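Shown next, in structure tokens, is the structure this report addresses.
In our numbering, the protein residues as written are 241 to 390.
The following block contains the structure:
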């Protein structure tokens, strides 16, 4: 496979799924299990609701860091650069970490089609696992109980 940079990957995953919004947990769950991203008992906070999710996530991240925890935070959408979606200890992760996550997801997904948001969600979880965070904070997207973050 040709080595892709982050911009190439983002272009690729934008058109990888036949529809842009496809609720359900089966696809993302299958790939997450293949990548061994699902670990019951880990400290995970899932923030859902109509308003204030991003602010709440940021506050929780700050509190976790003040308590001495290594915190992984994922929010969406990004404003300027995709990296804003995935933070560790308040700092956006580097392109190479996201590219490594996308490569692992691409290999693990087989013939499973994933939406852009599902790719992004799995990438965040992959990066958090690689960095051994103590606390994971996830912002639900648009799907509520069927959202990929679940």
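No residue lacks a Cβ here, since even glycine has one placed at the ideal position from N, Cα and C.
These numbers come from a predicted model, not from an experiment.
Between which two residues does the alpha helix (DSSP H) holding residue i run?
i           : result
residue 337 : 335-349
residue 254 : 246-254
Would you tell me roughly how many angstroms separate the C-alpha atoms of residue i and residue j, rounded to the nearest one?
i           : j           : result
residue 243 : residue 338 : 13 Å
residue 340 : residue 249 : 11 Å
residue 366 : residue 277 : 7 Å
residue 298 : residue 325 : 12 Å
residue 251 : residue 245 : 10 Å
residue 269 : residue 327 : 22 Å
residue 351 : residue 363 : 18 Å
residue 353 : residue 266 : 11 Å
residue 343 : residue 247 : 13 Å
residue 346 : residue 279 : 21 Å
In chain order, what residues of the same chain have a beta carbon less than 6 Å from the beta carbon of residue i, not counting five sequence neighbours either side?
i           : result
residue 356 : 253, 254
residue 376 : 284, 312, 368
residue 332 : 323, 324
residue 371 : 328
DSSP state of residue i, grouped into three classes?
i           : result
residue 269 : helix
residue 362 : helix
residue 275 : coil
residue 300 : helix
residue 373 : coil
residue 284 : strand
residue 380 : coil
Which residues in the same chain as residue i place their Cβ atom closer than 7 Å to its Cβ, once the five residues preceding and following it in sequence are excluded?
i           : result
residue 348 : 271, 274, 275
residue 290 : none
residue 373 : 310, 311, 312, 328
Specify, as a first and last residue, the run of the beta strand (DSSP E) that residue i falls within.
i           : result
residue 327 : 326-328
residue 308 : No beta strand (DSSP E) contains residue 308, which DSSP labels as neither H nor E.
For residue i, I'd like the list of residues in its chain whose CB is within less than 8 Å of its CB, leaving aside the five on either flank, ordered along the chain.
i           : result
residue 287 : 293, 296, 297, 300, 377, 378, 379, 380
residue 318 : 324, 325
residue 305 : 311, 329, 330
residue 316 : 325, 357, 360, 379, 381
For chain D, is any of its Cβ atoms less than 8 Å away from the one on residue i?
i           : result
residue 300 : Protein chain content of the structure displayed is limited to a single chain, and chain D is not contained in it.
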